[in-house]
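Each residue of the sequence shown is one higher than the last, beginning at 120 in this note's numbering. C-beta: ideal position from N, C-alpha, C; glycine also.
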Amino acid sequence: MIAAGLLLLAVGAVDLLRQMIRTRRWLAFAVASVLLVLFSAGLDAVIAGLLAVAVAAIWTWVVPEDGPARAGLWPVALLALAAAACVVIAPGRERPGLLGEAWAAYRPGASVSIDVAVLVIGCLVFLLESGNAVVRIALRSEMGGRAADPEGATVPTLKGGRLIGPLERILVFVLTLTGAYTLLAAVLAAKGIVRFPEISRDRDDGDRAEYFLIGSLVSWVTSIAAAFLVWWGVHAG
Numbered sequence: 120m121i122a123a124g125l126l127l128l129a130v131g132a133v134d135l136l137r138q139m140i141r142t143r144r145w146l147a148f149a150v151a152s153v154l155l156v157l158f159s160a161g162l163d164a165v166i167a168g169l170l171a172v173a174v175a176a177i178w179t180w181v182v183p184e185d186g187p188a189r190a191g192l193w194p195v196a197l198l199a200l201a202a203a204a205c206v207v208i209a210p211g212r213e214r215p216g217l218l219g220e221a222w223a224a225y226r227p228g229a230s231v232s233i234d235v236a237v238l239v240i241g242c243l244v245f246l247l248e249s250g251n252a253v254v255r256i257a258l259r260s261e262m263g264g265r266a267a268d269p270e271g272a273t274v275p276t277l278k279g280g281r282l283i284g285p286l287e288r289i290l291v292f293v294l295t296l297t298g299a300y301t302l303l304a305a306v307l308a309a310k311g312i313v314r315f316p317e318i319s320r321d322r323d324d325g326d327r328a329e330y331f332l333i334g335s336l337v338s339w340v341t342s343i344a345a346a347f348l349v350w351w352g353v354h355a356g
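Structure (structure tokens):
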């Protein structure tokens, strides 16, 4: 479980750094890598931390910020499979390291281990900017050339998507984990209502509606999958 949390944390952190930092990224990546390895050492999971850093480095190469992804949706599928495998193979640990012992002494609830906490944090960090990357890959894979005009500008733009997407995924993730399914359904329905004026101005080819549906569904599935991973880790542990 701790390996899955570190994996998602590393990938999510590297995407956040790519979004926030434009110059000397290599320095930011190096510092983040060292901090992650030190953090994993405190959790007695150095090998998992090193593997997480390696996976994050591969992710930055196969999932570029702009332009088509080099491998389509395969990196996303493989990352999901790797995270699930980590939960299955190592659901819980008896020796959580120094940080784990400190957490055991001051944790807010007896049922929340340090491994679960790291997994939840990793999912939250991943859903912020990496979730946007997953949605972009899906849109470019499914819509192809219709996603951009001849000059390279995106045609079916929806205002605020880059900010709304992360907030929406975090909300869906939290509501799914807490079992607030009625409120979750209301939130998803509200998004459709709010977006309806923009979608109703769609052109004859329906690109804007398709863009909205693909992006929303992929975003929701990503959040629900992350919530299921945490639920699985808790029950498996």
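message: Quick check on I312: does DSSP put it in helix, strand or coil?
response: helix
- request: Measure the alpha-carbon distance for L246 versus A209 and round it to whole angstroms.
  value: 23 Å
message: With H, G and I counted as helix, E and B as strand and the rest as coil, what does DSSP make of I140?
response: coil
- request: Give me the Cα-Cα distance between V174 and L155, rounded to the nearest whole angstrom.
  value: 13 Å
- prompt: What whole-angstrom Cβ distance do L135 and E248 have, given they're in contact under 8 Å?
  reply: 5 Å
query: Are at least three pairs of beta-carbons, each pair with one atom in the segment 217–225 and one in the segment 165–172, less than 8 Å apart?
result: no
query: Nearest-angstrom Cα distance between A344 and V313?
result: 25 Å
- request: State the Cα-Cα distance for the pair W193 and V181, rounded to the nearest angstrom.
  value: 10 Å
field: Contact under 9 Å by Cβ, C242 with A346
entry: yes
- prompt: Do the segment 143–161 and the segment 121–135 meet, that is, are 3 or more Cβ pairs less than 8 Å apart?
  reply: yes
- prompt: By a C-beta neighbour count over all protein chains shown, 10 Å radius and 16 as the cutoff for buried, is G284 buried or exposed?
  reply: buried
- request: Select from L198, L336, D234 the residue whose C-alpha is nearest the C-alpha of V130.
  value: L198
- prompt: Any idea what DSSP makes of P215, helix, strand or coil?
  reply: coil
query: Can A252 be considered in contact with the ligand MN, in the sense that its beta carbon sits closer than 8 Å to one or more heavy atoms?
result: Inclusion of the ligand MN in the displayed structure is not the case, the ligand content being empty and no account of it being possible.
- request: Name the two residues that bound the continuous alpha helix (DSSP H) containing F331.
  value: 326–355
query: Just to confirm, are M120 and V235 a CB contact at a threshold of 9 Å?
result: yes
query: Helix, strand or coil: which one does DSSP assign to V207?
result: helix
field: Helix, strand or coil at E248 according to DSSP, with G and I counted as helix
entry: helix
- request: Measure from the alpha carbon of V237 to the alpha carbon of each residue in R255, G211, Q138, then state which is nearest.
  value: G211
field: I233, buried or exposed, once every other Cβ within 10 Å from all chains shown has been counted against 16
entry: buried
- prompt: G70: buried (16+ other C-beta within 10 angstroms of its C-beta) or exposed?
  reply: A question about residue 70 goes unanswered here, because the residues of the chain that appear run from 120 up to 356.
- prompt: Taking Cβ positions, are L296 and W351 nearer each other than 9 Å?
  reply: no
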